[in-house]
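Asker:
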Amino acid sequence: MDCKLVGPETPCFCKHRYKQHKTDFEVIPTDRPILLPCKQKGCKCVSYNYVPMNGSQPIRCTCKHTSEEHFEFEPFICKRRGCTKCAGFKSSFTCGCGAPVKEHTMIVETAEEREARGHPLGESTPYAAMGGITGFSSLADGYQRLDPSGKGAPNKGYLEQSITSNDNPFLRANVQAIKAHQMRKEGKGLTNPDDEMFDDITERVSQMRRPGEEDMAYYERRYQERRQVVPSGAQGLDNGALRPGSRKAIEQKPGSGRRPASKK
């Protein structure tokens with residue numbers, strides 16, 4: 001799983017962005033890993049080195065100092081005066097995947113190497129330093145991405161399950177259009193009573209208004225239908241278990257013996 005896909009604005013350990021490093025080569029180097037040195041004047045960063053953030057704050061080393069207080073070249077020793085126990089930046093910060101930072105490895109690879117690993121590629125764009133950004137899903141962390149670069153795409157059964165009255169309101173409101181689009185895309189027609197056309201027939205018929213049905217009656221009927229399909233594990237409010245509460249009288253605190261100053 002790719003826990004983080006680096007983009008143009010992703011910061012390096014040297015505090016410069018990925019786009020401020022050398023990312024384009026006339027001839028791709030044969031040595032691995034591919035070094036991406038920083039192009040900023042005076043920066044001693046030999047190659048781009050991603051360091052995660054704790055929200056908007058830099059993570060801390062085991063020496064209690066942040067990553068910004070360490071040198072930008074290996075072994076990333078602390079720059080603070082008096083810090084002699086730091087032998088190099090090591091953090092106990094835990095990634096969203098559940099593993100600490102020290103168990104992660106940054107990979108710099110070509111499109112062919114990434115495709116060989118079975119991970120998705122983005123369309124070719126005339127922009128520099130796009131890194132691993134292939135789409136909007138690339139902005140999320142690995143455990144949140146539902147594609148081959150994250151925890152995996154949902155199976156076909158999950159994506160094609162029937163729409164019920166307990167689903168998202170957007171799906172319920174567009175169930176007719178969704179089914180019509182699926183039928184046109186697959187080029188299927190009505191053949192028998194067990195045809196795919198009738199998979200969502202219950203929800204499609206239920207979401208249509210009945211002759212003479214007023215607004216409140218329609219919404220009440222839909223509400224009762226949703227209550228019937230609530231999962232058995234869901235716990236509702238048990239009105240029988242409710243008991244009237246009792247208020248405890250506030251006891252007056254003893255006086256301090258001081259009298260308030262009189263005003264004239």
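Everything in the sequence shown is counted per the UniProt record's numbering, starting at 1 for the first residue and increasing by one.
Virtual Cβ for every residue (Gly too), placed ideally from N, Cα, C.
Note that the structure is predicted; figures quoted are calculated from it, not measured.
Smallest Cα separation from Y127: which of F71, T164, K19?
Answerer: Against the sequence shown, residue 127 aligns to sequence position 127. Cα-wise, what sits closest to Y127 is K19.
Asker: Taking only the alpha-carbon atoms, compute the straight-line gap between G236 and L159 and give it to the nearest angstrom.
Answerer: In the sequence shown, residue 236 corresponds to position 236, counting from 1. In the sequence shown, residue 159 corresponds to position 159, counting from 1. Only weak support is given to the placement of G236: the predicted model assigns it a pLDDT of 47, under 50, and the value that follows is read from those uncertain coordinates. Rounded to whole angstroms, G236 to L159 spans 28 Å at the Cα level.
Asker: Given this structure, state the Cα-to-Cα distance separating Y223 from P154, to the nearest angstrom.
Answerer: Position 223 of the sequence shown, counted from the start, is the residue given in the question as residue 223. Position 154 of the sequence shown, counted from the start, is the residue given in the question as residue 154. Y223 and P154: Cα-Cα distance of roughly 29 Å.
Asker: Scan the segment 48-120 and note each continuous alpha helix (DSSP H) run of 4 residues or more that stays entirely inside, going in chain order.
Answerer: 111-116
Asker: Among the candidates E68, R17, N49, whose CA atom is the shortest distance from the CA of P58?
Answerer: Looking up residue 58 in the sequence shown gives position 58. The shortest Cα separation from P58 among E68, R17, N49 belongs to E68.
Asker: Tell me which same chain residues have a C-beta within less than 7 Å of the C-beta of C97, skipping the five on either side of it?
Answerer: Along the sequence shown, one-based indexing puts residue 97 at 97. Cβ within range, chain order: M1, C3, G142, Y143.
Asker: Of all the options V108, I163, Q207, which has the alpha carbon lying nearest to the alpha carbon of residue 295?
Answerer: Nothing in the structure corresponds to residue 295, since the chain is present only between 1 and 264.
Asker: Where DSSP assigns a beta bridge to P11, which residues make up the other side?
Answerer: Residue 11 sits at position 11 when you count from the first residue of the sequence shown. DSSP, once it has assigned bridges, lists R17 as partnering P11.
Asker: Between D147 and S138, what straight-line distance do the alpha-carbon atoms span, to the nearest angstrom?
Answerer: Residue numbering aside, residue 147 sits at position 147 when the sequence shown is read from its first letter. Residue numbering aside, residue 138 sits at position 138 when the sequence shown is read from its first letter. Taking the straight line from one Cα to the other gives about 9 Å.
Asker: Closer than 8 Å is the cut-off here; do at least three beta carbon pairs connect the segment 42-62 with the segment 74-90?
Answerer: yes
Asker: Between V46 and P33, which are expected to be in contact by the criterion C-beta below 8 Å, what is the C-beta distance as a whole number of angstroms?
Answerer: Taking the first residue of the sequence shown as position 1, residue 46 is located at position 46. Taking the first residue of the sequence shown as position 1, residue 33 is located at position 33. That belief does not hold up - the Cβ atoms of V46 and P33 are roughly 11 Å apart, past 8 Å.
Asker: Using the Cα positions of F71 and K41, report the straight-line distance between them to the nearest angstrom.
Answerer: Translated into positions along the sequence shown, residue 71 becomes position 71. Translated into positions along the sequence shown, residue 41 becomes position 41. Going by the C-alpha atoms only, they are around 16 Å apart.
Asker: Could I get the ranges of all uninterrupted beta strand (DSSP E) runs contained in the segment 122-157, with 3 residues as the minimum, in chain order?
Answerer: Counting only runs of at least 3 residues, the segment 122-157 fully encloses no beta strand (DSSP E) element at all.
Asker: Note down the Cα distance separating C43 from G135, rounded to an integer number of angstroms.
Answerer: Mapped onto the sequence shown, residue 43 falls at position 43. Mapped onto the sequence shown, residue 135 falls at position 135. Cα to Cα, C43 sits roughly 31 Å from G135.
Asker: Return the first residue and the last residue of the alpha helix (DSSP H) that E220 is part of.
Answerer: Start at 1 with the first residue of the sequence shown, and residue 220 comes out as number 220. Unbroken alpha helix (DSSP H) run through E220: 215-228.
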